[in-house]
Structures are given as structure tokens and as C-alpha cells.
Amino acid sequence: MSQNNLNTSAPNTWCPGCGNFAILNGIKKVLNELSEEVCPLEKFVLVSGIGCHGKIVDYVNVNSFYSIHGRSVPVAEGIKMANSGLKVICFAGDGDAYGEGLEHLIFAAKRNVDITVIIHNNRLYSLTAFQYSPTSPLGFKGRSTPNGTIEPPLNPLELMLASQATYLARGSSLKLDLLMRLFREAIMHKGFALVDVLQVCVTFNNLYEYYSKHVYELENHDPGNFQAAFNAIREWDYNSDARIPLGVFYQKEAPTFEDKMMSFPADIESKDSKIKEFLSKRM
Amino acid sequence: MSQNNLNTSAPNTWCPGCGNFAILNGIKKVLNELSEEVCPLEKFVLVSGIGCHGKIVDYVNVNSFYSIHGRSVPVAEGIKMANSGLKVICFAGDGDAYGEGLEHLIFAAKRNVDITVIIHNNRLYSLTAFQYSPTSPLGFKGRSTPNGTIEPPLNPLELMLASQATYLARGSSLKLDLLMRLFREAIMHKGFALVDVLQVCVTFNNLYEYYSKHVYELENHDPGNFQAAFNAIREWDYNSDARIPLGVFYQKEAPTFEDKMMSFPADIESKDSKIKEFLSKRM
Amino acid sequence: MRDFSILIGGKAGSGIDKSTLILGDLLNQSGYRVYIYRDYPSLIRGGHTFSIIRASQTKIAAHRDKIDFLLALNKETLDLHLTKLSGDGKVICDVELLKEAALPVQTMTLGVPIVKFVKEENAPEVMRNTCLIGAFAKAIGIKIELLEKILKKNFGKSIDVNIKIAKKGYDASVVMESIRLPAQDALPLISGSQAICLGLIKGGLQVYVSYPMTPTTPLLHFFAEQANDFSLKVIHPESELGVILMALGFAYAGQKTAVGTSGGGFCLMTESLSLSGMSEVPAVIVLGQRPGPSTGLPTYSSQSDLNFALYAGQGEFVRFVVAPGDLEEAYYWSACALNLAWKYQIPSIILTDKNLNEGIGNFDVNETGEIKEDNPYLWDGTTDYHRYADSKTGISPMAFVPEKNAVIKVSGYEHDELGITTEDAAVTKKMQDKRLRKEKYLIEELKSFPTVKTYGDDKQTTALLCWGSNKGVCVELAQTLGLKVIQPLVLSPFPEHAFKEAMRGIKKLIAVEDNATGQLARLVKIYGIAVDDTILKYDGRPFTLDELEEKVKEKIS
Amino acid sequence: MRDFSILIGGKAGSGIDKSTLILGDLLNQSGYRVYIYRDYPSLIRGGHTFSIIRASQTKIAAHRDKIDFLLALNKETLDLHLTKLSGDGKVICDVELLKEAALPVQTMTLGVPIVKFVKEENAPEVMRNTCLIGAFAKAIGIKIELLEKILKKNFGKSIDVNIKIAKKGYDASVVMESIRLPAQDALPLISGSQAICLGLIKGGLQVYVSYPMTPTTPLLHFFAEQANDFSLKVIHPESELGVILMALGFAYAGQKTAVGTSGGGFCLMTESLSLSGMSEVPAVIVLGQRPGPSTGLPTYSSQSDLNFALYAGQGEFVRFVVAPGDLEEAYYWSACALNLAWKYQIPSIILTDKNLNEGIGNFDVNETGEIKEDNPYLWDGTTDYHRYADSKTGISPMAFVPEKNAVIKVSGYEHDELGITTEDAAVTKKMQDKRLRKEKYLIEELKSFPTVKTYGDDKQTTALLCWGSNKGVCVELAQTLGLKVIQPLVLSPFPEHAFKEAMRGIKKLIAVEDNATGQLARLVKIYGIAVDDTILKYDGRPFTLDELEEKVKEKIS
Ligand SMILES: Cc1ncc(C[n+]2csc(CCOP(=O)(O)OP(=O)(O)O)c2C)c(N)n1
Ligand SMILES: Cc1ncc(C[n+]2csc(CCOP(=O)(O)OP(=O)(O)O)c2C)c(N)n1
Ligand code: SF4
Ligand code: SF4
Ligand SMILES: [Mg+2]
Ligand SMILES: [Mg+2]
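Protein chains in written order, with my numbering: chain S, 15 to 297; chain Y, 15 to 297; chain P, 347 to 903; chain W, 347 to 903.
1) To which residues of the same chain is Met95 (chain Y) closer than 8 Å at the C-beta, ignoring the five residues directly before and after it?
2) Kindly list the residues whose CB is nearer than 6 Å to the CB of Ile631 (chain P), restricted to its own chain and excluding five residues on each side of it in sequence; keep chain order.
3) Between the Cα of Lys817 (chain W) and those of W:Glu896, W:Thr641, W:Leu673, spot the shortest distance and give me the residue it belongs to.
4) What residues of chain P sit near Gly705 (chain W), judged by a beta carbon separation below 7 Å?
5) For Ala106 (chain Y), write down the residues that DSSP places opposite it in a beta bridge.
6) Could you name the residues that DSSP lists as bridge partners for Ile536 (chain P)?
7) In angstroms with no decimal places, state the Cα-to-Cα distance between Arg248 (chain S) and Lys465 (chain W).
8) Keeping to the same chain, check which residues put their C-beta closer than 7 Å to that of Ser504 (chain P); ignore five residues upstream and five downstream.
9) Can you give the beta carbon distance from Met592 (chain W) to Glu91 (chain Y), rounded, assuming they're within the 8 Å contact cut?
10) When you compare the CB of Phe845 (chain W) with every CB in chain P, is at least one pair closer than 8 Å?
11) Report the three-state DSSP secondary structure of Ala745 (chain P) (helix, strand or coil).
12) Give me, in chain order, the residues of the same chain whose beta-carbon lies closer than 6 Å to that of Gly261 (chain S); leave out the 5 immediate sequence neighbours on both sides.
13) Let me know the secondary structure DSSP gives Asn219 (chain Y) once reduced to three states.
14) For Arg474 (chain W), tell me which candidate among W:Ile509, W:Lys498, W:Glu446, W:Val451 has the shortest Cα-Cα distance.
15) By the 8 Å beta-carbon criterion, what residues does the stretch 40 to 57 of chain Y contribute toward chain W?
16) Enumerate in chain order the residues of its own chain whose CB-to-CB distance from Thr698 (chain P) is below 6 Å, with the five nearest sequence positions on each side excluded.
17) Quick one: give me the first and last residue of the beta strand (DSSP E) that Gly922 (chain W) is part of.
18) Which chain W residues are close to Leu591 (chain P), counting only those with a beta carbon under 7 Å from its beta carbon?
19) How about Ile406 (chain W) and Arg379 (chain W): are their beta carbons less than 8 Å apart?
20) Pick helix, strand or coil for Gly356 (chain W), following the three-state DSSP scheme.
21) Trp28 (chain Y): beta carbon under 7 Å from a heavy atom of ligand 4?
22) Taking Cβ positions, are Ala179 (chain S) and Ala143 (chain S) nearer each other than 8 Å?
23) Do you know how far the Cα of Gly828 (chain W) is from the Cα of Lys899 (chain W)?
24) Which residues of chain W have a Cβ atom closer than 9 Å to the Cβ of His118 (chain Y), listed in chain order?
25) Return the CA-CA distance between Arg410 (chain P) and Asn712 (chain P), expressed in angstroms with no decimal places.
26) Measure the CB-CB distance between Phe463 (chain P) and Gly515 (chain P) and report whether it falls below 8 Å.
27) Going by beta carbon distance, what residues of the same chain come within less than 6 Å of Met522 (chain P), once the five residues before and after it are set aside?
28) Leu724 (chain W) CB to nearest chain S CB: under 8 Å?
29) If I'm right that Lys755 (chain P) touches Ile766 (chain P) with Cβ under 8 Å, what's the distance once you round it to whole angstroms?
30) At a cut of 8 Å, does the stretch 163 to 170 of chain Y reach the stretch 251 to 266 of chain Y through at least three beta carbon pairs?
31) Report yes or no: is there a C-beta of chain P within less than 8 Å of the C-beta of Ser16 (chain Y)?
32) Considering only residues of the same chain and omitting the five flanking positions on each side of His203 (chain S), which have a CB-CB separation below 6 Å?
33) What residue does the beta strand (DSSP E) around Glu231 (chain S) start on, and which one ends it?
34) Closer than 7 Å to a non-hydrogen atom of ligand 2 - does that hold for the CB of Glu117 (chain Y)?
35) For Ser16 (chain S), which residues of its own chain have a beta-carbon under 7 Å away from its beta-carbon, when the five flanking residues on both sides are left out?
Given below as C-alpha cells:
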């Protein structure tokens, strides 16, 4: 393995013990591995939203676009459409991608743009110091809902399945090996891939023990089977106390948006003559 | 039945033969009926987005808020949360509600706010003179995609089901009776209700014959059965040439957002003393 | 006739647009210069729509109150526009319509059995237009050969019937007033939207991303149609939020990208406009104005978003804002706006409006001015790459992914030279200074551009101050009245120096604007320029020459 | 000591916020007036955070460069802030930390075995704060009883251990400098956010809708906590787009609603701001400024969104924009902003910033000025209801659903008096005139409000021009230097008359702003007021008294 630690000059400002470290360490390893085996490092672009999660791009010495809250996905799409040879990875928060910018996620999935979206799903807004998010359970007492929320969470994976995403998985910051496998697969998957990571926020929502007890890895599951994927995704609704499956729920081969995009030979030289030609038709 | 024709001074500017007329006539009749039987007319509020569909609020002499493109749903939510005794009906376009403002729709469903959303789904942008929409079939040649779209449509009902909507139905501008039944039910349903209306745009996308051949009314379908609803919704994906079921796909009783909202007695009089009380604690 | 106007009107969706183009073409090919104004409501079929086609010996970009030929496809057109008929104005329409309308006896009319002819040929209703055009062509003495040639250019498979019907109209008509044919070559007849598109292409456009919104929808349609010819990627995403963020993604990856929208969509882009300012990822926005607030009058025109364009987005950053006033300027400045966005790594706004975008006129590509194609300042690879390296001009060298020896990090947070987030007070100030410093150099560079234009001579002491699409009407009127015109094109950074030069000797300055508050008048006050009077119009319609003449005369008398 | 400052610092998440409040309380209860500045990075735990608590005999709203007591919870605090220590400044911290730090010999220090004490009690680390506070209380000669009382007020179940530890600190400490206790009553100590919230409540707020964003998140938290007491509905929706549109829905149904956000979120609200302008559905927006562009420095302060607040949204419409400068103004004007929004059926923006919102000081509710509770102009039911009935003032009577005898139609399209869409030129002009006419009456009414304040006397010829949170530092400094201060509070509609009154006799005007381009200086130019010099700061931190003094002296020497 490469000796590149991928560190930057940025001091890490996550809370000690934060689940984001697992994502950071995992992605660094995976990037190192992939850059040796598959694709040089300079072809990777990381894109992030705003939240604790977003800081990750500051911590990895790879091309990046630190965008705005909820909007990392369309940026990633633009980059990929500009150059389909790039590997574009979005890091987004649950408030960020399942709330503020949910629409973009759905359309990126529908288009099957070949990007990878990794959700740091701590099931709250952490950087703004503790409010409920679209995946907080019913009754969650954040600072904007001190008496508990009165709306149930979304099941983002169910939504993504309905949006025709072609790779859907769930990992957890507790299981680094699985996480790395999923990152790797998602990045290598040709098409829109989303990994929902149950990322423990030790400060505001320490579900470490809860998850330890509830998560299990999917076995004998056929990710090619839509109905099976649907059932597995619905086993846990982000609200009840059910068992929480981890692993790949769904995977499908389908042509990507970029592949179908018309690309015309960039014939810059003849630009002037083409303008003239157009004008002559209007004479 | 009441003699109120509900007309306004606005001249109707839809194309002759437009499917919007069915929605207009249907809703007028239903409003008249409901106002006699259930709820006085002044308790209805119509909200619309921008598009050909949006003009409907100009044509019905009932309280209305003509909002902006894609954003009728949160306006409707606000009105309902302000006064749960009102009956709030949104008229939205497919570009409007499934595209520009999709996120609002998902969150309104998740919250189960008791509003009714009627989608004039002509499967294109009509008022801006012919572009593809989120429900246009793959390969659709609108003016922004003259070579055909390269992205498949969304199945909005599948998305809405994943968003926990509690009433989901599909009507068609070809079947006025069914449409009226669905409008009535949706309005009376306590919770978030959406009726996707296959509204024929005679000018840009005249699917009159196509729909005549493909639609059928659901029979022996149990809207209380989630899996059955899921299957029926997936029978047609807005893309393929399958049969197109009409009717109620899903219905469920669940507490509404407004019901769960804390409402505190408006004790305006004691405001000043409460401010003083708060301040004294900071002394 | 040296200068005359035709109004053709009917129901929306009844073919007025196409007829307008054919009429324009007819006059263009006859050696006239042409200007076309299109008036249509926000609906698809049925409402009233009309066009005014004005023909003149010299280049024009305004229309007049009075109509010389009224071509009516329905009674509504007669009802609504008859009062606009000039003293010896003529009405051409179906003979039955004429009977029904019962026009004043003195009106010169020509009735042709249009409906009958179309029926006889079993042709669709829309071909009534062709018949009417045939009748008109004869009425002004145009040769049948020219008419045929132009019809051929404009119709595809239905050409035979169209020619047949046109001829019937022609034959049933009489020469009412033979026009003199000016001896000059035709010039291409294009719309403002097309001029902007071609200018962007000229400037090196590679990608266009847009969500349809009047009055920039025609740009989306044009680019989508022409994508192949001009090697463009054209994307229509889910919303304007998606549009501008995708565009920033494209630009980050090195592709020159533009977006187009109008007020409401621009609102949704403001957060990313600010992101462009901070991240220094270039953005080019075509902002087409229409009357607001909110949805307003979607298919009409306005100049009420100047302030918004100047100050949109949180925080302070350099932006380029330009408001072209005619087709040549639209072409030239669209190319420049793209180039300057990339040279200075800033957002550029091309501020236009419905009148400019949908107005059609003669375009002379040789009169646009020379367009310098500056390459952006690129990293040369000799040093470690710092995306935001500080520099004398504030401009940092660019590099684009993938670049083997560079890690390219951009950010909307305040950041250091490497692009890593900072909250340090000194670094914050340094980086903000770096970014803002670019304006100084941009102002310097712009001194060699025609940022402020004047018309008329230096002896004149009264000037009309105008911007954008009011140029045409102001310049033409000022010539008649012997006034000067001052037209700032660049509005940010404001060309203070050039503007003050232009003001030399001016004692009275009258601002002419399509808004209710005089936004340009307000802007120039910041630079110590007092505007003595304003002529404001905000009903969505452009000034006609005559209307403006009356208003200006009031102000200068 | 009549005026002294304490700095307490440590790692984010280590209890500094709470300690700050207790220290403030301690001094407040001792008869001092207090001002607290909080400095924290955008992270949850681990980075460096500190507060400055300044105590004075008279009301203050600024902090100083020099620190009299440096209370350090970690070495970083010593390293970063030691240079700020005044000549006889004192350091209080753990005894081991003192050894490690090796401070210059002349530094007056007090080492207490804080870490040891906390360990002895098996208490959590966060209680080191309490120990430090105990040591400090003794050092300035505060009685143990007062300390106990205040601790009791601030701690719940852990109070016993806290008192134990505080006493250990107290006992291990020595009196370093006994402070004189001013003989005045304590005043409530609140933050700017709280003052705004209470003002809105006073104005009749019924609903608050917000998506969290620094620096207005504290308003959301406050309202959510207090919802019960003040009978509020508090909603946190999916995005700022949802926020403002829900708010318009609430307002349409007759409920007085406010929203809060910062620059990026405000961008997302601009389209609906314009909708509020057109539909005349009132909106109240608390806009908290922080350094941009884009995400910028999220937890710091700025005044760089003035222009954006003035011109955001397409089209032209009347808006009320006010920038309060201290707690009393925040309270008073928040109430007024709500009232005026409803009286004139317009959007109101309360323009604030992080320094005002998170600064904590003494609030005197009796000094805020009288708040008139105007009811909106309501339909009396005697005539047919026209939502947009034309009127002399441009204000149309309001009615709210459900209303038996009225159909209430509002719209973002241009519309007639009934609210039905129009594209007619004359109606368009009439309705735009109606809406804009309201500004005239608003300006008139505002003449009886303190829209522009001045400080100092009329003989002074040099004035500092400031707005918003710079009021505190400018007024205090101007007193020392014998300068006048001019502070416009209302920024739209601009109080031209009052401002020109305030300018009487002024020969030199120096603008002091927390931005890089001098936005207020630019604004007043429109009204013919020349600003002679500017003092600008844009690193996110507020001016200290001393820093500003130095800069002002440079400018006036
Ligand atoms: C438009 C906008 N609204 C609000 C914010 C403030 N904000 C910053 S981070 C954040 C929430 C973050 O939650 P999430 O996306 O779940 O990220 P986490 O901090 O939990 O990783 C918010 C609301 C913003 N930066 N931009
Ligand atoms: C923010 C914004 N973007 C774009 C537009 C322009 N616009 C008006 S209607 C419309 C599309 C309408 O499509 P749909 O919602 O399907 O309604 P339809 O006309 O088909 O009924 C668009 C894009 C707008 N008004 N506002
Ligand atoms: S607040 Fe939570 S998510 Fe954020 S860094 Fe701390 S532990 Fe991690
Ligand atoms: S364009 Fe289509 S949807 Fe619009 S009014 Fe005409 S037929 Fe109806
Ligand atoms: Mg989160
Ligand atoms: Mg549609």
C-alpha cells in the first residue's frame, strides 16, 4: 500500500470519538488502494456540503470542492458530466442531503449519474449544535424541538430506491471493514451509488451502544432482486427498535447519464465559420 | 345542488380541449357539494404554483393564494397549520411539484399535514412552451431536449408512498366522474392526500388516445394494504406501455401534524407580564 | 415610403410568430432594415398576440405608435389596434371580417377572401397567414418571385400548398402603395437571444445549463437545437438551484459554462453566486428581466433588476455586470462577459430583458468590435500548486482536474491559499483583500473597452441617460431632437471615469428607464452625478419613439 | 477598579459558555454593568474558545484590548492571550499549568490546584470552571455568599458538588484586588437574540418558522423553549425555501409570523421576499449577518449584507429594513418591524449580526421607548371585499380566511383589485403605483420614530457614522474623544430628512463599518452625503475600544 497519508495542513476539529473519523480513515485507505490499482489519485474529486461531515474534504489531500449546505450533489454531477473519466465522491450530511438538498439527490439517482454519495448520517444537525434531522426518530428532543418532534423520519433508502438509484448500501461508523468494502464498491459501481453511514455523533446523539446491539450484516441477500432489496430496506424505518441491516441492499447495471450524453467533437477552430454559416441562413 | 357557478371575472386562457377544464369543472362541482354538505365555502383555500395549471385559482371564486413555481405546498402547509379548520387544496404542475419543488411534497407527506394536492400531470412544462418534465417518458423530445431525454421519468406515486403519504390516487382528465370522486375523497381524507391527474395537454402532448387505450379503473384493490398499493403503483412506471391503473392506491389513517402540534392558549393579555417574568429571571 | 410599420395580430397559437418572421424577411430581402417587436400574453393558445414590424432605410431598434399596415387575422386585432392606424394607414384582412367590423368609411381597406381560399385548398387554418402575407406583398408592390423565394426558405414539406395559397392572396390583392426598394444588401435578421448565444459561443462556451424561464427560454432552445453544430453540452436540470451548482461543477472541471434565467430563478441562484465569489469558480449568468415583483408579467419587459444584479448574494465580492443595448452589443459583451469571468475568476452577469431578447433586427457581425480571446491565467507547473496563491492582481493561477502534480481544492468557506478552511483573523483579511483586489485590475482593463457609449456631439448640453434595450429608441429620438445620449454598458465595476468623461458639458441629464424607481439614476448618484429628471415606464411595454418623444419634449421644453 | 475586563478561555465544549454567564452574573449582582463578547470557532468540541466579560460603572456595549484578569482553563489560552494582559493584569489558573507555562516573571499570577480539587471530588472535568470561578471571586473580593447564591441560580442537580468545588477554589485563592461595588441595582443580563425575540413577542408574534443558521439559531432555540409561555407556534421545516413560504401561508391566514436566517438562507428566501412584495402578504425576516461571501466565517460577525437586504428579490417593492444597535433598540425595533410589516403589508427585515445577537449585556426594558401596537387596517365588511382595493395610501383593507362574506385572493402575478391576474398595461401601472405609494406614507409615519440617532452635542463638527452593533463602541469612544456619532437605524425607506438633520454642522464624517467596501457610506452618497473617510474591519471580529480609538485618532489628527 502507498505510504501517502493523504494528510493536509488542516487541524482536525471533530470531537474525540466522533464517527466521522471512521469515514475519514476508511476513505483514505480506499483512495490509497484504488489509486494504486485502478485510477490515479488526481482523478478523484471530493465534494462536500456544510456540517460536521463537510470538514472531511479539508482533511484529505485530494482535489475537492467544499460547496454549500445541501448542494454538494449537483456540483458533483457537473464535475462528472464535464469529465466522465473522473471519480467523484460526495460527502453529505443527513440534514444536508436528506433535508435541505433532498431534491438533488433524487434527480441524480433518477439520471443515474455515476457519482458516489456518502451520507454521514448522525441523524441530527450537529454543526449547528443539535437539532432534529429528517432521519431523527419521532419524538426526538433537539433544541428546535424541546418537546420532541411530531413527525416520523424518512427512510432515505426507500426514497432512493423509488428514485431508481442503482447502488444502495448502509454502513456504520462502528464497522470499519464493512465501510471500506462499501466505499470501494460504491466508487467502482458504474452509476449512482449511495452509502448511508450510521455515523455516531458522540456529543449529541451517542447511539454507539444502541447500534452495537441492533446492527447486523445482511447475509444471503440478493442485491439484484428489487423486491428483496425493498424488503430489506424496510426492515428498519429509522424509527422503530427493529434490527438494522448493514451491507448492500440493491445493485443494478444501467446506462449512466454521461454515457448517454451526446458528446460532440470539440471543434473550436471552426467556431467562427459556423457562426457565419448560421448568420447566412438568417439573411 | 347550489347554483353558485363559482365563476370569476377572469377570462379562461387555456387552449380549447385542454384537460385542465376537467379538473376545473370537477373541483367546482365538488366544492359546491362539499360546501352544502360538509364545510362552508369560505373555509376552503386554494393554492397554486405557476404553469398552465396555476391559472385555475383565477377561475374559481374561492379564497386562494397564487404562489410561485414549485412552492405551493409549503404555503398550503402554513395555512393549514395556522388554522386546522380550513380545507386547503393545492393545484400543482408536474414540473412544479415533482421537479422544482419536489422536496416540499416529500416533507408535507412525511409530516402528514392534512392538505390535498392535485397534480395537473400533463407530463411536460406547458406554459413555458414545451419542455420535458420529471414524468416525461425516456426519449421525450421537448424543446430543451430536441434529441430526446436521456433520463427515465420518476414514478411520483412510488416516491410519495416512500414518503409516507396517507392518501394516494390517480385520476385522468378523461374520466370526470372518477376525478370528482377522488377529489372529494382526497379533500375529506384526514391527512396528506395526493391525486395525480393524467391531464391531457392537447397542444403539446396529446395523449388522449393513448390514455383511452391504456387506462383502467382499479378493482378489488385494497388501499389499506401497503404491498398491494406498492404493486399497483408500480404497474405503470410513466415510461413503458403498460396498463395504467386509475383510482385510490393507498389510504391509511394516521395522526396529522396539526393534531400533534402543541397549541397553547393564546394568552395575549399576559404577554407583558410574561416578558417581565422572563427578564426578572435574568437579573 | 422610407419608414413604415406593419402590425400583424391574431390569436396566440395562430401562427403570428412565423408570419412575423416571413414579413421581416420579405422587407429585409427588399433592402430595408427591419425591427420587430413581439407582444404576447402568458398563455399558449387563444389570447391576443401581435407583432409590429418596422422597416426603415437605416438600422433601427425601436417601434412607432403609428401603424401603416394593419394585418388582421381576427376581429379583436381590428378592435384593439385600429386607433393606431396612421392617417393614410391601410387595413388588410379577410373580406368577411371587413364587413363585420364596419370600420370608419375613411379607412383604406383591402379585403381578400382569405378564409374561403384556405377552405378551397382544404388547408389548415394556420395558412390564413400565408394568404394574408401574399395579399400584403402585392399591396406594397413586392414581386411574386421574391415572395416565393422567401416562402421556400421558411416552409418545409407544406411549401406547395403555402405557395398556392399565397398566390391566391397575391392575385386577389392590389398594389396600394408601391414601396421604394433601398439599394443595400440584406443583413441577417436575428433576435437578441440569438445574439447573446452567438456571443457566448464566440467567447468559447462549452456548456449551457438552464431551467426554462421567460425571457431566457429561447436561449435554452437555441443551444439545445444547435448543440451539435457548436459542440455544446446542454443540460436542463431539476431547478435553478441545480442549474447554477452544476454550472460551478462544470467550471471547476475547466469547462466554460453559462446559465440563463429570470428574476425568480435568479433568486434561487444567489446563494451560489456568492459561492462563485468566494470559491473563485467562474460563473456566467444571463439574467433576463421582466416586470416583477414575483411572477409579475412573465411575458413582458422591464429593467427593474439592476440593483438586485449588483448586490445579490451575501458578502462582498467582485462581479462583472453588463447590460447590452442592441444586437451587436449583445454579441460582443456576451463574449467579453465569459472571457472576463474566466480571466478574473468571478461571476459575470449579462443583464438583459424581454425587449432585447425577443426583439428581432438586423445584425452586423462586422460592427460588433473586436473580441479579444484572453486565456485564463493558468498554473505553469513550476511551483507547488496553491489554488488561491496571493498575487499582485489578486488573480491566482488556475488548474483543472485531473492534474497530476496539483491538488486542486476550492471552497465556499473562508480559506487559506491552499483552499483549507481558516477562521484566523489575519488570513481572513488577507484573502478577502486578495479577492477584492481583482476589481482594481478589472477596472483598469475595462478602460480599453467601450464601457460607456455616447451618441450625438459634444456641443449638446442635454442628454438622455439610458441602459439596455432602451438604447434603440433613445438614440433614434435623440438624433431627431438633437440631444446627446449616454449609455453605460458596464454597470459593475462601475466605469466612473468613462462616465464622467461622457458627462462633460452636459447641463441636463434625463434618465429613461423601464422601471418605477429610476435604478440607474440612483446608481450614478453614488458617483456624484445628479440626474435632473426621469422618464419611467413600468407597464411591461417598451417606449415607442413617439411616446418617448412626447415625454422628452415635456421635460426639455 | 471602575472598569475592568476578564477573559476566560479553554477548549470548545469545556464549559466556557456557562462560566461566562456565571461571571457576568457575579458582576451584575455586584452592581456593575456588564458586556460580554463571545468568540468561538465553527466546531463542537476541542478548538479554542473564549469570552471577554467587561464590567463598568455605566452601561457599555464594547470590549477592550486589555485584559485585567486572564482565567485560563488550558495552556492555549495563556499562549494566545497573555499579550493582552494589562500592566497590572493578573493570571488565574491551575497551579501546574502555571509551572508549565513559564510566564514572564513580572506577571502577577495566582495558581490554584484546580485539577487536583476536581479529582478529589471525583467530579467531571467541566467543574474545573467552577473552581476557577471560586478562585476569581475571592481574588476580587466578592463575598462567598453572593457566589453561592449565583451558583445556585445556575446549577440544578449538581449544585452541591459545584459549591464544594467552588469553595475549595475560593479558599485556596487570595484577594488580589478588591473591587469597589457600585451602588446600583442589577439589570437583567440578556443577549441580543433574546432582545429581538422579546421584542417580536411584544409586537404580537404568534408563529416563528426557521431553519437553523448561525447567528440566528439562538432565536429558534429560544422560541422553541419558550413556545409554551408565550403561546407560540414554532416550526423548523426542511429548508429556508420552506420556511419563508410556510410563513407566508401563516400570514395569509392572519397569524403574525417571523422567520430568522443568515446570508445563505436569506438567498433562498429572496424569491418569496419578492412574492411578499407583490402579494402584500406581510413577512418579517431576522437577518443575522456573518462574514461572507458564501459560508465564509460562520461563527463570526460582519455587516456586509446591507446592500443585499436593501435590494434582494426581483422587481421593485416597498420594504422596511432596520438595523438595531443595542439591546433596547433590538427589542423596540423588532416590535416595530412586525407592526409596520402588518400595517403596510410589506416585508420587514431586522438586520442584525453575530456581535449583536450573541453579545450579552444589561437590558433596561424601561429605556426602549414606547411601542405603539397598531392593528393592521382591516376590512369592515360594509363593502364588497377587494383584497387589493386601491386607496389614497396604497394600503388595502385586510381580511383573513375564513370570512363568510369575502373571497380573499392573493397573488404573485400582477393582478387587479380582486387579485385576478392581469396583463393589461394600465392596470399594471395602477397596481404598481398603489403598492409603491405605501412608501410615502411609511416615510411620513417614520418621522415620529427615532430613525436616526445622534450622540454628542451640536457643537461637534466631526462625527462617526455607524450602524448596527458598532453603536456601542462608537458611542463610548466618541464620548472620550469629544466626537459626535450619527447612527441611522432605519435603512429602508431611508430617513433622508432625519439624516440630514443629524448632519447639521458636521464638517467631517467618518464611517465605521464591519465590511470591506463601506456599504452605508455608499448608501448615504445617494442622498448627497459625502463620507470623508472610512474605518473598515472585516476579519469577523468586532472593534475593540482601543483599536477603534487608534484608527479614529489617525483619521482626525
Ligand atoms: C442555506 C444554509 N442553511 C443553514 C446553514 C447552517 N447549517 C450549517 S450545517 C447545518 C446542519 C448540518 O446538519 P447535517 O447536514 O446533518 O451535518 P452534520 O453537522 O450533522 O454533519 C446547518 C443547518 C447553512 N450553512 N446554509
Ligand atoms: C423559479 C421559476 N423558474 C421558472 C419559471 C418559469 N416557469 C413557469 S411555468 C413553468 C413550468 C410549468 O410546468 P408545469 O409545472 O408542469 O406546469 P404546466 O404549465 O405544465 O401546467 C416554468 C418553468 C418560474 N416561473 N419560476
Ligand atoms: S458534534 Fe457530533 S458529528 Fe460533530 S464532530 Fe462532534 S461528535 Fe462528530
Ligand atoms: S398548453 Fe397544454 S396544458 Fe396548457 S392550456 Fe394548452 S392544452 Fe392545456
Ligand atoms: Mg447530521
Ligand atoms: Mg406540466
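Note that beta-carbon positions come from the ideal geometry of N, C-alpha and C, so glycine has one too.
According to the structure data:
1) Val127, Phe271, Glu272, Met275
2) Val605, Ile695
3) W:Leu673
4) Per Cβ cutoff of 7 Å: no residues; Gly705 (chain W) is ~18 Å from chain P at best.
5) Y:Ile133
6) P:Gly707
7) 48 Å
8) Closer than 7 Å at Cβ, skipping near neighbours: no residue.
9) 6 Å
10) no
11) It is coil, neither helix nor strand.
12) Glu231, Leu232
13) strand
14) W:Ile509
15) Pro54, Glu56, Lys57
16) Gly634
17) No statement about residue 922 (chain W) is possible, as the shown extent of chain W runs from 347 to 903 and does not include it.
18) Chain W residues near Leu591 (chain P): none, gap ~12 Å exceeds 7 Å.
19) yes
20) strand
21) For Trp28 (chain Y), the shortest separation between its Cβ and any heavy atom of ligand 4 lies below 7 Å.
22) no
23) 12 Å
24) Pro583, Glu584, Ser585, Leu587, Gly588, Leu591
25) 27 Å
26) yes
27) Lys436, Ala485
28) no
29) 7 Å
30) yes
31) Any reading at Ser16 (chain Y) must be qualified, since the residue scores a pLDDT of 45, below 50, and its modelled position is unreliable; the value itself is stated next. No, no contact with chain P.
32) Tyr181
33) 229 to 231
34) no
35) Caution is warranted here: a pLDDT of 45 is assigned to Ser16 (chain S), below 50, making its placement in the model unreliable, and the coordinate value is therefore given only provisionally. Asn46, Ser49, Glu50.
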